[in-house]
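First comes the structure, then the notes that go with it.
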DNA sequence: ATTTTGACTACTG
DNA sequence: ACAGTAGCCAAAA
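Numbering (this note's numbering), first residue to last: 32 to 131.
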């Protein structure tokens, strides 16, 4: 894998604001990763100091349930085991350009 | 070198 | 809502 892509993924995840979430596909596209699975791999191996709990599936479900209480702690209102993507999905264009 | 697996996504039934 | 299938890329066995 490319170190550059790896770093871009970490960077993309790092700039997801608290109280918002992004899908793996979003991060992949934002970071220029080949595919969403690569994002998950990076988070698992090098995401220990990143807000990986803000990265959820496109349908609002999460890969690891323990991120739900954690997201709630960041201010998200999660009625059940699913996140309201329509409301909490982070829009990278609305935040800041990216760079880097 | 080939196969399996994975913190994925989308489509179909 | 849930199970199966396909496409996808990289690391690990």
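Every residue, glycine too, gets a C-beta built ideally from N, C-alpha and C. These figures come from a predicted structure and were not determined experimentally.
Asked, Found
"Per DSSP, cross-strand counterpart(s) of residue 53", "86"
"Unbroken alpha helix (DSSP H) run spanning residue 42, endpoints", "34-45"
"Three-pair Cβ contact test at 8 Å for the segment 97-105 versus the segment 58-67", "no"
"Continuous alpha helix (DSSP H) stretch holding residue 99: start and end", "98-104"
"Assigned exposure category for residue 57 - 16 Cβ within 10 Å defines buried", "buried"
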